[in-house]
Amino acid sequence: MGLTFSSTGRNLRKTPILPQTGITIALMGNPNVGKSTLFNALTGKNQHTGNWPGKTVELATGCFSHKGQNYTLVDLPGTYSLVSKSPEEEVANDYLLCANPRLVAVVCDATCLRRNLALVLQVMQKHPRVIVCLNLMDEAKRDGIRVDISKLERLLGVPVVPMSAGTGQGMDEFLDRLAPTLKSDGHQHTLLSPHATFTGSKERKDQFLAQYFVREGEKIATQCLGGNTKRKTLSQRMDTIAMGKITGPICMLLLLFLTLWITIIGANYPSQMLQECFDRLGLLLQKALTSTPDFIRLPLLDGVYATMTRVIAVMLPPMAIFFPLFTLLEDWGYLPRVAFFTDHAFQCCGSCGKQALTMCMGLGCNAAGVMGCRIIDSPRERNIAVITNAMVPCNGRFPMLISLISAFFGSKGAYSALILMAFLLLGVVMTLLQSKLLSHTLLRGDESSFAMELPPFRRPQMRKLLYRSFVDRTLFVLGRAVMVAAPAGLILWVCTAIAPNGISLLTHISNFLEPMGRGLGVSGAVLAAFLLGTPANELVLPILLMALGVGDSALDLLGAGWTWQTALCAMVLCLFHWPCSTTILTAYRETKRLSITALTILVPTVTGVALCLLLRYFFALMA
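In terms of this note's numbering, the sequence shown is residues -9 to 613.
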């Protein structure tokens, strides 16, 4: 099918163009206009199509055929223009100049035609063969917006195809118009090039060009639009509540609370059921392998099987609930609203508002959040986002937090959800504080600005939502955790089986760390669990239960002498400690700097240690 390769504007010219099959078509457009949806519909490649800006950060290629002709479609990053210097715009601009595709298809949003035409005009200045895909015509019709397609086509001088890529409407016409457009001599657009009419610095010239194309696009759009274009759409009416100064933050907190409450309520019982089923299966396997030598049976059952099943029982239920809810908010278009409300706070802390988006990505996986930091233009602010991304809990830490909350602070869903939300907000607050500290000490520099588009609320496509949330996210993350858990379980069994002087290696490690653990309000076993769980955060709770020699649930920690104060300190360390090995390696690959990678490890760890020491001091005052 297709091939993908990461690219930035700095290294695209050094990257060889991938082998192509047939005629190459570049797919361009503003963020959130349905470009990736069109790409998937044509190529069949299941690329992520989230309803928020900046989602496409890689070049993706896919192949399709029509009437015996083979085509290669290249999905370029979403961009608003070709004259600024953001990474997305550099990639798109460099690809047009270096790869020289035969045709450029520019996807536009029919509900925002004025803004979208600026990019169309810029592409037409750089490439002779352009076809405009006027997408989301169904939404435009619903909002009372009419577009005179023939007039728009005449004014632009290029083919314009109305479509709704999500439903397949207009796809046949688009395919049929490819061959005639390719055979033509190119568009004969009458817009005079502004390059020769301006003299001055490059920065001023870029600004002039951007404004010029915006004005020209608005002129053309005004002549082609009809209907009640000033009527408020349903999405705009919803935004009066969702984006209100008072109602907006309330809606955000309520949605966060509801998501966490449903996750906690829905995860507890299935986790217990899964563990009971695994225990019964373990007994059957024990009987079936009775005649197997101990040196084979014990590592497999007490090591690999026990660790893998604990990871699955703890992780699967909350992920199977949280990921669909998170994906629902993403596809609905709400996550950019979250970024909007947190943007001012990040700007006040000397970092970039786009960090809010990468922080949301970190809720699923911190490694993905670190990779998402590519959307931040400033290297200084990008490094701040990389360093602090692990301070929001990823999917691997949610199960342990939920288990400890349910075991020590009551299993009532609403109460537990409030506690979990408080911990999540604590992660956000500490992210802001550490960002401010870094921006005023180690990573000082000028602040940047950016324009963020709020996409309209859209009805999620449930089939794709369920597929992405379960297959692309839940099963993918679970599979990765199980792959790590299997060898880790074997190593853990060896650490418990090898017992010089009658004391296992795991106990030796725990005893060695005991003084430090006591100082932080926990125990050496907790620190040993976090240390040995570095390959994946999902392993920490199973390792802890194994180190303490208790049962399979966090409830069994009550019998190990734990108090609510112990659980609270353990939860703080779960929220703030060094990231998993995958995130650490990703941070180095993205920054190529050992110093930034070291800070990625140290900043959350020092934060967790400091908070635990404060809690210990507070508990001592209360005693």
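No residue lacks a Cβ here, since even glycine has one placed at the ideal position from N, Cα and C.
Keep in mind it's a predicted model, so treat the numbers as computed, not measured.
Relative to the Cα of A478, the nearest Cα in the group T299, H334 and C88 belongs to T299. V593 and T378 have their C-alpha atoms roughly 7 Å apart. In this structure, the beta-carbon distance from T69 to A82 falls below 8 Å. In this structure, the straight-line span from the alpha carbon of D84 to that of L49 is close to 12 Å.
As a beta-bridge residue in DSSP terms, V94 pairs with A16 and V120. In terms of Cβ geometry, P569 and N385 do not form a close pair [threshold 8 Å].
The straight-line gap separating the alpha-carbon atoms of L534 and P525 is approximately 15 Å. For S425, the closest C-alpha among the options C338, V467 and L410 is that of C338. The region 95 to 109 makes contact with the region 14 to 24; the number of CB pairs closer than 8 Å reaches 3 or more. Residue pairing by DSSP puts L215 in a beta bridge opposite V137. Scanning V562, Q345 and M361 for the CA closest to the CA of F413 turns up V562.
Taking 8 Å as the cut-off, the Cβ atoms of F331 and G238 count as close. The C-alpha of L545 is placed about 11 Å away from the C-alpha of A557.
Taking L605 as the centre and dropping the five residues before and after it, the same chain places the C-beta of G511, Q555, L558, C559 and V562 closer than 8 Å to its C-beta, in chain order.
Of the candidates T212, A155, L517 and T51, T212 places its Cα closest to the Cα of K141. Where Q59 is concerned, the enclosing beta strand (DSSP E) starts and stops at Q59 to D65.
Residue range L584 to M612 is occupied by the alpha helix (DSSP H) that includes P594, with no beta strand (DSSP E) assigned at that position. Three or more beta-carbon pairs separated by less than 8 Å are not found between the region 260 to 277 and the region 448 to 456, which leaves the two stretches without contact. Secondary structure of P314 (DSSP, three-state): helix. Straight-line spacing of the CA atoms in K222 and D229 works out to 10 Å. Note on geometry: alpha-carbon atoms of P149 and L86 lie some 19 Å from one another. Residue environment for F502: exposed (fewer than 16 other C-beta atoms within 10 angstroms of its C-beta).
When the beta-carbon positions are compared, P446 and T101 come within less than 8 Å of each other. The alpha carbon of D162 has as its nearest neighbour, out of P389, P383 and K57, the alpha carbon of K57. P260: member of the alpha helix (DSSP H) spanning T237 to A278, first to last residue. Of all alpha-carbon atoms in I366, C485 and R449, the one lying nearest the alpha-carbon of G293 is that of C485. N90 is classed as exposed because its beta carbon has fewer than 16 other beta carbons within 10 Å across all chains shown.
Distance between G359 and G352, taken at the CA atoms: about 4 Å. Beta-bridge partners of S55 (DSSP): N60.
Per the C-alpha coordinates, the member of G323, G216, I374 and C53 positioned closest to Q345 is I374.
In the structure shown, Q451 adopts coil according to DSSP, grouped into three states. Partner residues in the beta bridge of P152, as assigned by DSSP, are L124. A residue is called buried once 16 or more other Cβ atoms fall within 10 Å of its Cβ, and C267, having fewer, is exposed.
Between L172 and R119, the C-beta gap is smaller than 8 Å, which places the two residues in contact. Residue pairing of D166 in beta bridges, as defined by DSSP: absent, with no partner found. In the DSSP assignment, the residues bridged to Q159 are S154.
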